[in-house]
Amino acid sequence: MVQPSPYITTPVPDRPRMYNTKIAQAIWTAVPVITIGFAAAVPFVVAAVKGVIKPWVPAVYVLAEILTFGTALALDDGGKTEHPLGGLLILALMLTATTHAALLDTCKVPGAK
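Position 10 of the sequence shown, counted from 1, bears residue number 1132 in the working numbering, the numbering being contiguous throughout.
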């Protein structure tokens, strides 16, 4: 009789949890919105330190923040005319970071350990 492969029968180790309570999840999820995107990478830095996600994820968010706010500032012409693209980019960063922060404790997160 053929024995099953140990790669199939070995249990998958649990990864660390990001949030201990629902209140903590709500607070960490609200950080990108409350800070208007300036601290969008903070929940991901904390998650990387806790070992919930890989370290490249916060690096991507820091780069996204720099590019978003750099573009928004480059589009500003001193208040002569309004350019909506800067605000749209900041809003997209806030919504993306908030959604991903809410999903940090789910079982199937891309980039998780």
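Glycine included, each C-beta is placed from N, C-alpha and C at the ideal position.
Treat the numbers as computed from the prediction; the structure is a model and nothing was measured.
Taking just the CA atoms, how far does T1193 sit from H1205?
Each residue's alpha carbon lies about 11 Å from the other.
How many Å lie between N1142 and W1150 at the Cα?
Cα-Cα distance, rounded: 11 Å.
Please list, in chain order, all residues of the same chain as V1164 whose beta carbon is under 7 Å from its beta carbon, the five residues on each side excluded.
Contacts found: V1153.
Going by beta carbon distance, what residues of the same chain come within less than 7 Å of L1207, once the five residues before and after it are set aside?
Answer for L1207: L1197, listed in chain order.
Beta-carbon within less than 6 Å of F1191's beta-carbon, same chain only, minus the 5 sequence neighbours each way: which residues are those?
Correct list: empty, nothing qualifies.
Any chance you could list the alpha helix (DSSP H) runs of at least 4 consecutive residues sitting entirely within the stretch 1165-1211, in chain order?
With a minimum length of 4 residues, the continuous alpha helix (DSSP H) runs that stay inside the stretch 1165-1211 are 1178-1197.
Rounded to the nearest angstrom, what separates T1221 and I1212 at their Cα positions?
Straight-line Cα distance between these residues: approximately 14 Å.
By how many angstroms is the C-alpha of V1124 removed from the C-alpha of G1159?
Near 55 Å, if we compare the C-alpha coordinates of V1124 and G1159.
Please report how far the alpha carbon of L1189 lies from the alpha carbon of G1200, in whole angstroms.
Cα to Cα, the separation comes out at about 19 Å.
So what's P1138 in DSSP terms, helix, strand or just coil?
In the structure shown, P1138 sits in coil (DSSP, three-state: anything other than H, G, I, E or B).
Which one of V1155, P1126, P1138 has the shortest CA to CA distance from A1214?
Of the candidates V1155, P1126, P1138, the one whose C-alpha sits nearest the C-alpha of A1214 is V1155.
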